[in-house]
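Q: Numbering (the UniProt record's numbering), first residue to last: 1 to 276.
Structure incoming, see below.
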């Protein structure tokens, strides 16, 4: 209901919901069944289909259970020996034809938060982009808790997004990676043992971490912050200026849950007034 209302989908006649079953054989086939429905809309109706899969790990898990019931020798970490084949058979059907297309958004459960686990790793190989949610970032109170170091996208290319966007994105990833590398030193020896350059890296990285928080309209009830819509150019400009050190004098709290960078400046002034 919320999805229909939010994107104004009044005509629900072209929507289909396919649910799983309790039995492993049924759960192993439900993903293929849903994909067949999507292919019908694409090939017979000539439509562009948006296919949501929640959760693709259940497809892998069901295949593993069926494999065990059939007496097959398991492969790495106990998964079925045909894991790569099973996943490829399904994922490669999600494609574009002359009549229409299928675009899929898939939720992926990551066992023990291990991205190298065969189940998620096999799935990642077929995706154009991955958005990784991190418990560590959520613990900092930063939402959405997206990890920019583990998340990937094939369109992160200067020929597609533009040179400035690409350079700023890579700059953000570099400074966050440098900060991550320094965290063990900080935990053992403290900030005072860092060089001035490293201290500056840490300060800018912490500002960037908080600027990555986003006050979404759909999350107002959870965050308590009014939702903001910020144009892409404004977002790139904000991160570029932080990387260049233009806001080294602002406290990191001023970058939390704000829209454009100008709001961070206004928030910093407000914080200064409150502490004066």
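Where is the CB? At the ideal position from N, CA and C, for every residue including glycine.
The structure presented is a predicted model; accordingly, all values stated were derived computationally and were not measured.
Within its chain, find whatever has a CB closer than 6 Å to the CB of residue 178; leave out the 5 residues flanking it on each side and keep chain order.
A: On the chain shown, position 178 is the one that residue 178 refers to. Around residue 178: 201.
Q: Got a sec? Which residues, its chain only, sit under 6 Å from residue 82 by beta carbon, not counting five neighbours each side?
A: By 1-based counting over the chain shown, the position of residue 82 is 82. Cβ within range, chain order: n/a, list empty.
Q: If you reduce the DSSP assignment to three classes, tell me which class residue 102 lands in.
A: As a first step, residue 102 must be located in the chain shown, where it is residue number 102. In the structure shown, residue 102 sits in a strand (DSSP, three-state: E or B).
Q: State yes or no: is the C-beta of residue 108 within less than 9 Å of the C-beta of residue 213?
A: Reading the chain shown from its first residue, position 108 is the one you call residue 108. Reading the chain shown from its first residue, position 213 is the one you call residue 213. Contact flag unset, no.
Q: What do you get for residue 122, buried or exposed, if any count of 16 or more other CB atoms within 10 angstroms of its CB means buried?
A: The residue labelled residue 122 in the question sits at position 122 within the chain shown. Residue 122 should be labelled buried.
Q: Does DSSP put residue 153 in a helix, a strand or coil?
A: The residue labelled residue 153 in the question sits at position 153 within the chain shown. Reduced to three states, the DSSP call for residue 153 is strand.
Q: Please report the distance separating the alpha-carbon of residue 228 from that of residue 131.
A: Counted from its first residue, the chain shown places residue 228 at position 228. Counted from its first residue, the chain shown places residue 131 at position 131. Their backbone Cα atoms lie some 21 Å apart in a straight line.
Q: By how many angstroms is the C-alpha of residue 215 removed from the C-alpha of residue 270?
A: Sequence index remark: in the chain shown, residue 270 carries index 270 (1-based). Sequence index remark: in the chain shown, residue 215 carries index 215 (1-based). Distance between the alpha carbons of residue 270 and residue 215: 19 Å.
Q: Alpha carbon to alpha carbon, how far is residue 36 from residue 102?
A: Locating residue 36 in the chain shown gives position 36, where the first residue counts as 1. Locating residue 102 in the chain shown gives position 102, where the first residue counts as 1. Answer to the nearest angstrom: the Cα atoms are 11 Å apart.
Q: Here's the rule: buried if 16 or more other CB atoms are within 10 angstroms of the residue's CB, otherwise exposed. What is residue 275?
A: For the purposes of this step, residue 275 is taken as the residue at position 275 of the chain shown. By the neighbour-count rule (16 or more Cβ atoms within 10 Å), residue 275 is not buried but exposed.
Q: Along the chain, where does the beta strand (DSSP E) containing residue 49 start, and where does it finish?
A: The count along the chain shown starts at 1 and reaches residue 49 at position 49. Start and end: 48-53.
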